Amino acid sequence: MSVTTVVLAGVGGQGTILAGDVLAKVAAAAGLDVKLSEVHGMAQRGGSVDTVVRFGEEVFSPVTDAGGADHLVAFELIEAARRLPLLKPGGRLFVNPRTIEPLPVLIGELPPPEGLEAVLAGEGAVFIDADVLACQAGSPKSANIVLLGAVSTGLGFAEELWREVIAARVPSSTLQANLRAFALGREACMRGECA
Amino acid sequence: MARSLLSGNEAVARGAWEAGALVGVGYPGTPSTEVLEAFACMPGVYAEWAPNEKVALEVAAGSSLGGVRTLVTMKHVGLNVAADPLLTLSHTGVGAGLVLLVADDPGMHSSQNEQDSRNYAAFAKVPLLEPSDSAEALAHVRLAFDLSERFDLPVILRSTTRVAHSKGLVGTEDREERERVPYEKRPEKWVMMPGNARVRRLELDERIGRVREWAEGSGVHTEVPGGGPVGVVTSGVCYHHVREALPGAPVLKLSLTWPLPLAVVRDFAERVRRVAVVEEADDFLARGLRAAGIDVADVPLPAAGELTPRKVAAAFGATVVPARAALDDLPPRPPLMCPGCPHRGVFHALRRMRAVVTGDIGCYTLGALPPLAAMDTCVCMGASIGMAHGLSLAGEASRPVVAVIGDSTFAHSGVTGLMDLSYNRGNATVVVLDNRVTAMTGQQDNPLTGRTLMGESTVEVDVPALARALGIADVTRVDPFDLPATESALRAAVESPGPSVIVVKGECALLAREHAEPFGVDEELCTACAVCIRLGCPAISKESSGKAAIDAELCVGCAQCVQVCKYEAIVATGPACDVGELR
Chain A
13 MSVTTVVLAG
23 VGGQGTILAG
33 DVLAKVAAAA
43 GLDVKLSEVH
53 GMAQRGGSVD
63 TVVRFGEEVF
73 SPVTDAGGAD
83 HLVAFELIEA
93 ARRLPLLKPG
103 GRLFVNPRTI
113 EPLPVLIGEL
123 PPPEGLEAVL
133 AGEGAVFIDA
143 DVLACQAGSP
153 KSANIVLLGA
163 VSTGLGFAEE
173 LWREVIAARV
183 PSSTLQANLR
193 AFALGREACM
203 RGECA
Chain B
40 MARSLLSGNE
50 AVARGAWEAG
60 ALVGVGYPGT
70 PSTEVLEAFA
80 CMPGVYAEWA
90 PNEKVALEVA
100 AGSSLGGVRT
110 LVTMKHVGLN
120 VAADPLLTLS
130 HTGVGAGLVL
140 LVADDPGMHS
150 SQNEQDSRNY
160 AAFAKVPLLE
170 PSDSAEALAH
180 VRLAFDLSER
190 FDLPVILRST
200 TRVAHSKGLV
210 GTEDREERER
220 VPYEKRPEKW
230 VMMPGNARVR
240 RLELDERIGR
250 VREWAEGSGV
260 HTEVPGGGPV
270 GVVTSGVCYH
280 HVREALPGAP
290 VLKLSLTWPL
300 PLAVVRDFAE
310 RVRRVAVVEE
320 ADDFLARGLR
330 AAGIDVADVP
340 LPAAGELTPR
350 KVAAAFGATV
360 VPARAALDDL
370 PPRPPLMCPG
380 CPHRGVFHAL
390 RRMRAVVTGD
400 IGCYTLGALP
410 PLAAMDTCVC
420 MGASIGMAHG
430 LSLAGEASRP
440 VVAVIGDSTF
450 AHSGVTGLMD
460 LSYNRGNATV
470 VVLDNRVTAM
480 TGQQDNPLTG
490 RTLMGESTVE
500 VDVPALARAL
510 GIADVTRVDP
520 FDLPATESAL
530 RAAVESPGPS
540 VIVVKGECAL
550 LAREHAEPFG
560 VDEELCTACA
570 VCIRLGCPAI
580 SKESSGKAAI
590 DAELCVGCAQ
600 CVQVCKYEAI
610 VATGPACDVG
620 ELR
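Laid out in structure tokens, this is it:
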């Protein structure tokens, strides 16, 4: 089995690190070798961030490159566009169709980017409205788990394994909301919205 | 043996614990911080944040002298601060094992430079180990403790961002309980006055010679057989980039890179057609091999930044997968001060005063970015105060000179700068931005916060009293959320002759548990003057009409914008997002 690379991209504070950790633990629990790479510090202050999870029989590098991601999960539209070069030709692209405007846009220095949804759709993006589904699940903060639910449909791990790892990883007070968020993300794909 | 998914930093902590280390001490700094945080959670150990890396290494030297295995942690730039004791500790050697974890940051994800700490191993004459992933981080820290005691030397464990902050599967074992080695008075070993130091200097060469001999025959290095035109010598995370980029190539991964095991490399070189080196930051290995007469091929690897498998493949002429081009015109997303950050109002006032602001390392460094753009310099921990003093010495009189420095940085190396300013009767204003936490590295405690790393209450350094004790008469305190008071305090301080200190105390927005209700913009009253926009608050945006809008989900109700709006257009609105509506 070759190595599978998943990139979770977003804005510092959106929960990419926790989502990456859950995915890495699921792969480890399934008996695979896993590596995960993330950036801390400065980048977490609302900056552009990504978490890379790689799993397979034997994983070498913890990072990936242009054309290296089998699955790109973007928590925000601009970051989806920014990380698009990472996606392998034919890779799966999940996008939460919301925009968090960077400071240069907020203060009117740069125009808001336009037409990103169309560009991403042209690249085969599946749009998962994770913020709305997270609120439906009972916690607006569980959007990261909604997106994990969506990408989980193509990773081949048993649903029960995901639920066990989520249960071990999130605070018990938010467990039910997170499990519902995971299920809603999965269902959004199962309904045929995912390629 | 249990298997856990650990970051390199967690694995170092675990390895130190398994090696029986009892004391951990360090100063927080990305990417090293989590090592000590994880170590502090291990049963039966003691861990503390020191005010800076020099003190941390000195504390570690003492506890090693006192007979317990000790881990000391810092980031690469911190090693500059700790260099003074380090360069002599190689002469004294250690008591019980002393391991110094130093985390480099190639690519400068969160640093002001990307220096290569391996140079310090050669400089200080101490052995250096380079783990390539989490599993090796654990194994190498255990080995480092053994080597430290075996050769009577401190040992550096050098990681990089991609080792420190990558997670991988790690086999863990039980702790090796160790007896404390009782301290014995040995001035010839521990008192480094010239007569003793000259003797220890010669002994140091002898100890290093034995390390070299051990490194040549230890089998600690990894060789992967293969074919092809080049054999690659590498170390650290670069090993994994090489394995991925050049499958099938012969690879020699060095675990101990100083002293360089030259016989091991020569033996490898004889069995491959050509030797190439893959390393990040400096050409440390390549220089060492070339100096020893080993022919190293020139490979066009970039000298700056991090390596990746793709960069390695491209440099060796291997196939790289085609990839989509980057999209043009995407707005950059720089990091920013959080909504409700207490530093925002201070920078707003400083910009209005047209002050020259010498800055320092921490979240407030972001005050240099537009739209605040109210910080002029950022060099190293503590530099703000000395630079402000120097700037006023140079005769800068047209604009006020103000240093800004955070609470942790003030404790780290601001105190001595302030003493200099006071002693030499300088004329700068020093603003201590006390947000009650070491925020940038992830909310660690420091001598100003009243809490220790072990979670206990402790004394809080009283900065105004300290400043007065240093001889500064003009000391004031101000609440940064009160903008008019902040500005008038700053104006008064810069106008008064002689040095002055303003302690700006306001809790970090990430620490504040309870927030006030968010504000909104009354469009009728907003004149699109954009004053609030220039605060650079991520909750405030400029609409296409030019008027301001406030994102109620992001706004924490700090009311700094309310105070800058002359038209009273920023008003209370009520609770933020209504989850019920979305259901």
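The listed protein sequences derive, respectively, from chains A and B.
Under my numbering, the first residue of the first sequence is numbered 13, with each subsequent residue one higher.
Under my numbering, the first residue of the second sequence is numbered 40, with each subsequent residue one higher.
Every residue, glycine too, gets a C-beta built ideally from N, C-alpha and C.
These numbers were taken from a predicted model, which means no experiment stands behind them.
Candidates the options: closest to residue i by CA position
i        : options                                : result
Arg313/B : Thr416/B, Val263/B, Ala591/B, Ala336/B : Ala336/B
Pro341/B : Asp334/B, Ala352/B, Ala331/B           : Ala352/B
Phe87/A  : Gly120/A, Leu48/A, Asp141/A, Gly79/A   : Asp141/A
Gly275/B : Asp306/B, Leu167/B, Cys377/B           : Leu167/B
Glu319/B : Glu582/B, Lys350/B, Ala331/B, Met414/B : Lys350/B
Asp639/B : Glu553/B, Val202/B, Arg326/B           : Because chain B is modelled from 40 through 622, residue 639/B falls outside the range shown and cannot be assessed.
Gly59/B  : Arg217/B, Pro538/B, Ser71/B            : Arg217/B
Ala161/B : Ala122/B, Val317/B, Val603/B           : Ala122/B
Pro152/A : Val85/A, Ala189/A, Arg203/A            : Ala189/A
Arg310/B : Val269/B, Ala362/B, Ala598/B, Ile511/B : Val269/B
Thr468/B : Glu556/B, Pro145/B, Ser535/B, Tyr278/B : Ser535/B
Val209/B : Glu262/B, Asp172/B, Thr112/B           : Asp172/B
Spatial distance of residue i from residue j (CA atoms)
i        : j        : result
Gly596/B : Gly575/B : 15 Å
Val133/B : Leu492/B : 25 Å
Arg189/B : Arg246/B : 9 Å
Gln151/B : Thr455/B : 21 Å
Ala55/B  : Val74/B  : 10 Å
Leu564/B : Leu115/A : 24 Å
Ala548/B : Gly379/B : 5 Å
Gly27/A  : Phe78/B  : 25 Å
Asn466/B : Ala532/B : 10 Å
Glu76/B  : Ala178/B : 19 Å
Phe134/A : Ala551/B : According to the sequence provided, residue 134/A is Gly. The question's Phe does not apply to it. Roughly 43 Å separates the two Cα atoms.
Glu126/A : Ser583/B : 14 Å
Arg198/A : Ser184/A : 21 Å
Ala555/B : Gly168/A : 45 Å
Close Cβ partners of residue i (< 7 Å) along its chain, the five nearest in sequence each way excluded
i        : result
Glu91/A  : Ala21, Gly22, Val23, Ser60
Ala254/B : Leu295, Pro298, Pro300
Gly106/B : Gly134, Ala135, Arg219, Val220, Pro221, Tyr222
Gly80/A  : Thr17, Leu98, Lys100
Ala545/B : According to the sequence shown, residue 545/B is Gly rather than Ala. If we look at Gly545/B and ignore the five residues flanking it on each side, its Cβ neighbours are Pro381, Asn474, Asp518, Pro519, Phe520.
Ala41/A  : Leu173, Val177
Thr566/B : Tyr606
Arg95/A  : Val19, Ala21, Asp62, Leu84, Ala86
Cutoff 6 Å; reference residue i; Cβ partners in own chain excluding five residues on either side
i        : result
Ala137/A : Leu105, Val107
His260/B : Leu293, Ser294, Val303
Met479/B : Gly401, Cys402
Gly117/B : Tyr66, Gly68, Glu92
Ala93/A  : Leu128
Lys581/B : Ile572
Met458/B : Leu509
Ala41/B  : Thr211
Val502/B : Val471, Val542
Residue(s) in a DSSP beta bridge with residue i
i        : result
Ala41/B  : Thr211/B
Glu87/B  : Val64/B
Glu262/B : Leu291/B
Gln26/A  : In DSSP, Gln26/A forms no bridge with anything.
Trp297/B : Leu167/B
Asp473/B : Lys544/B
Gly559/B : Val610/B
Lys47/A  : Arg66/A, Gly207/B
Thr199/B : Asp143/B
Cβ-based neighbour list, residue i, same chain, cut-off 8 Å, excluding 5 preceding and 5 following
i        : result
Trp229/B : Leu104, Thr131
Ala179/A : Leu187, Leu191
Pro264/B : Pro289
Val238/B : Glu227
Expected contact under 8 Å - CB spacing of residue i and residue j to nearest Å
i        : j        : result
Ala176/B : Pro170/B : 4 Å
Ala36/A  : Leu159/A : Wrong, their Cβ atoms sit about 15 Å apart, outside the cutoff.
Thr497/B : Arg490/B : 6 Å
Arg110/A : Asp143/A : 6 Å
Ala588/B : Val560/B : 6 Å
Gly254/A : Pro409/B : This structure does not reach residue 254/A, given that chain A is present from 13 up to 207, and the question cannot be answered.
Thr397/B : Met426/B : 4 Å
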